[in-house]
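Report on one structure; see the data block that follows.
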Amino acid sequence: MATKPYRSVWARDTAPKPGREQPALSRTQIVRAAIELLDAEGLDSLSMRRLGARLGAGATSIYWHVATKDDLLELVLDEVYAEDGFPGAVASPTWREAATRFAYGLRQALFQHPWAAQLVSAMPSIGPNALKVMNNLMTAFGKGGFTGRTLDYGVAAVVAYTLGATTPEVGLLTKVGGTEAAEQKWYDAMQEQVEVAAADYPELRCRYAGYAPSEIATTRALSFEFGLTSMLDGLEARLRRDEDGREIHRAAGEGAGTPSPADHSA
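Each step along the sequence shown adds one to the number in UniProt numbering, with nothing skipped, and position 33 is 33.
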């Protein structure tokens, strides 16, 4: 049986209907309370009933503004993109700075709101705050010289790297207790177990043992920075190669309006 197409809350008119009594709660109050509940108890804790209890209101007041739980999740996810860590309304002077600010903004948001890691890849991010962030990132890449699909793929690479590197960290941190101290305790216990489990792999065991007992948070941060810098270096090399390709074709007498193969490379 065919499933019903998903329809985002942002694609529907959710403004209060004229002539009807307005509820005491506002959408802003509902979204903020939902975020507080999610931060305190996680994604599985969220229900309209529990949210209503937190707000001291009935479900009817919530459903006035939010028709379904999925609608509410889209709203809270978009609110994450409006936080101070994200470069929302502030344009960056270079594409590398824009990419770096975005990556660290998303990383900070996921650590602050671990539940958001499960939503970013599962729900459409087409709310006003998310679109503002992505527009600034894509504009910076365009001004930096990226064109066509190369621009789209470059931005996608930044998003994918940030999510891929950060989501497992957030998942582990949440699982072991949500604090760096709890994570360190877990890691210290694992080191002892690796000594046994990796007995047949002396080189691996040596590498694991080489990390200091109290540097797990620093190691994670340095690893993220290394990966992000390496990826941006690769995009910069790709950009230079594409620009060189365009210069070669122009030098060969091609018109300015004639696309070169580099303009269509991915």
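Even for Gly, the Cβ is constructed at its ideal location relative to N, Cα and C.
Any heavy atom of the ligand PLP within a distance shorter than 7 Å of the CB on Arg-7? Ligands are entirely absent from the displayed structure, and the ligand PLP is therefore not among its contents.
Exposure label - Asn-135; buried when at least 16 CB within 10 Å: To locate residue 135, count along the sequence shown from 1; it is residue 135. Under a 10 Å Cβ-count criterion, Asn-135 is classified as exposed, with fewer than 16 other Cβ atoms of the shown protein chains found around its own Cβ.
Please check the pair Glu-83 and Ala-109, which I expect to be a contact at CB under 8 Å, by giving their CB distance rounded to whole angstroms. For this step, residue 83 is matched to residue 83 along the sequence shown. For this step, residue 109 is matched to residue 109 along the sequence shown. Indeed, because the Cβ distance is near 6 Å, the residues count as touching under 8 Å.
Could you tell me how far apart the beta carbons of Gly-148 and Trp-95 are, in whole angstroms, since I believe they sit closer than 8 Å? As a first step, residue 148 is located in the sequence shown; it is residue number 148 there, counting from the start. As a first step, residue 95 is located in the sequence shown; it is residue number 95 there, counting from the start. Not really, about 15 Å apart at Cβ, beyond 8 Å.
Tell me which residue opens and which closes the alpha helix (DSSP H) that Met-190 is part of. In the sequence shown, residue 190 corresponds to position 190, counting from 1. First-last of the alpha helix (DSSP H) with Met-190: 180 to 197.
In three-state DSSP terms, what is Ser-92? Taking the first residue of the sequence shown as 1, we reach residue 92 at position 92. Ser-92: coil per DSSP, three-state reduction.
Would DSSP call Met-231 helix, strand or coil? Numbered from 1 along the sequence shown, position 231 holds the residue referred to as residue 231. In this structure, Met-231 counts as helix in the three-state DSSP scheme.
Can you list, in chain order, the residues of its chain whose CB lies under 6 Å from that of Leu-173, leaving out five sequence neighbours each side? Looking up residue 173 in the sequence shown gives position 173. Short of 6 Å from the beta carbon of Leu-173, and not among the five residues preceding or following it, lie these beta carbons of its own chain, in chain order: Glu-183.
List the whole-angstrom C-beta distance separating Ala-199 from Thr-162, where the pair is believed to meet the contact cut-off of C-beta under 8 Å. The residue you call residue 199 lines up with position 199 of the sequence shown. The residue you call residue 162 lines up with position 162 of the sequence shown. With 8 Å as the limit, Ala-199 and Thr-162 do not qualify as a contact, their Cβ atoms being about 36 Å apart.
Please list the terminal residues of the continuous alpha helix (DSSP H) segment that includes residue 336. The question about residue 336 has no answer here: the residues shown for the chain are numbered 1 through 266.
Neighbourhood of Met-231 by C-beta distance below 7 Å, restricted to the same chain and skipping five residues each side: By 1-based counting over the sequence shown, the position of residue 231 is 231. Close CB contacts of Met-231 within its chain, under the 7 Å cut and outside five residues either way in sequence, are with Ala-157, Tyr-161 (chain order).
Look up Asp-242 in the DSSP assignment and say whether it is helix, strand or coil. Taking the sequence shown and counting its residues from 1, the one referred to as residue 242 is at position 242. Of the three classes helix, strand and coil, the one that applies to Asp-242 here is helix, per DSSP.
Can you tell me whether DSSP reads Val-66 as helix, strand or coil? Here the question's residue 66 lines up with position 66 in the sequence shown. Correct three-state label for Val-66: coil.
Buried or exposed: Pro-5, going by 16 or more other Cβ atoms within 10 Å of its Cβ? Numbered from 1 along the sequence shown, position 5 holds the residue referred to as residue 5. In summary, Pro-5 is exposed, with fewer than 16 beta-carbon neighbours lying within 10 Å of its beta-carbon over all protein chains present.
Rounded straight-line distance, which links the Cα of Tyr-211 to that of Glu-195: Along the sequence shown, one-based indexing puts residue 195 at 195. Along the sequence shown, one-based indexing puts residue 211 at 211. The C-alpha of Tyr-211 is placed about 13 Å away from the C-alpha of Glu-195.
Can you list, in chain order, the residues of its chain whose CB lies under 7 Å from that of Asp-39, leaving out five sequence neighbours each side? By 1-based counting over the sequence shown, the position of residue 39 is 39. His-113, listed in sequence order.
Please identify the residue among Gly-85, Trp-10, Thr-60 whose C-alpha is closest to the C-alpha of Leu-25. As a position in the sequence shown, residue 25 is number 25, starting the count at 1. Of Gly-85, Trp-10, Thr-60, the residue nearest in Cα terms is Thr-60.
Which of helix, strand or coil DSSP assigns to Gly-177: Position 177 of the sequence shown holds residue 177. Gly-177: coil per DSSP, three-state reduction.
First and last residue of the uninterrupted alpha helix (DSSP H) at Glu-36: Sequence index remark: in the sequence shown, residue 36 carries index 36 (1-based). From DSSP, the alpha helix (DSSP H) with Glu-36 extends over 27 to 41.
Measuring alpha carbon to alpha carbon, tell me which of Asn-129, Leu-37, Leu-137 ends up nearest Leu-51. Residue numbering aside, residue 51 sits at position 51 when the sequence shown is read from its first letter. Nearest in C-alpha terms to Leu-51, of all of Asn-129, Leu-37, Leu-137, is Leu-37.
Which value, in whole angstroms, describes the spacing of the CA atoms of Thr-139 and Pro-93? Locating residue 139 in the sequence shown gives position 139, counting from the first residue. Locating residue 93 in the sequence shown gives position 93, counting from the first residue. The alpha-carbon atoms of Thr-139 and Pro-93 are separated by roughly 10 Å.
Could you compute how far the alpha carbon of Phe-111 sits from the alpha carbon of Ala-34? Taking the sequence shown and counting its residues from 1, one reaches residue 111 at position 111. Taking the sequence shown and counting its residues from 1, one reaches residue 34 at position 34. The alpha-carbon atoms of Phe-111 and Ala-34 are separated by roughly 17 Å.
Closest to Arg-205 by C-alpha separation, out of Ala-217, Leu-75, Glu-192, would be which residue? For the purposes of this step, residue 205 is taken as residue 205 along the sequence shown, with counting starting at 1. Checked all of Ala-217, Leu-75, Glu-192; the closest Cα to Arg-205 is Glu-192.
Given a cut-off of 8 Å on the beta-carbon distance, is the pair Trp-10 and Glu-74 in contact? Locating residue 10 in the sequence shown gives position 10, counting from the first residue. Locating residue 74 in the sequence shown gives position 74, counting from the first residue. Yes, the pair counts as a contact, with Cβ atoms nearer than the cut-off.
Determine the contact status of Val-155 and Phe-141, defining contact as a CB-CB distance below 8 Å. Walking along the sequence shown from the start, residue 155 turns up at place 155. Walking along the sequence shown from the start, residue 141 turns up at place 141. With contacts defined by Cβ atoms closer than 8 Å, Val-155 and Phe-141 form a contacting pair.
Any alpha helix (DSSP H) of 4 or more consecutive residues that is wholly inside the region 90 to 136: Unbroken alpha helix (DSSP H) stretches of 4 residues or longer found wholly inside the region 90 to 136: 95 to 112, 116 to 120, given in chain order.
Gly-52, enclosing alpha helix (DSSP H) - first and last residue: If you number the sequence shown from 1, residue 52 lands on position 52. Taken as a continuous stretch (DSSP letters only), the alpha helix (DSSP H) holding Gly-52 covers 48 to 55.
How should Gly-177 be labelled, buried or exposed, when 16 other C-beta atoms within 10 angstroms of its C-beta is the threshold for buried? For the purposes of this step, residue 177 is identified with residue 177 of the sequence shown, where counting begins at 1. Counting Cβ neighbours within 10 Å, Gly-177 comes out exposed, since fewer than 16 surround it.
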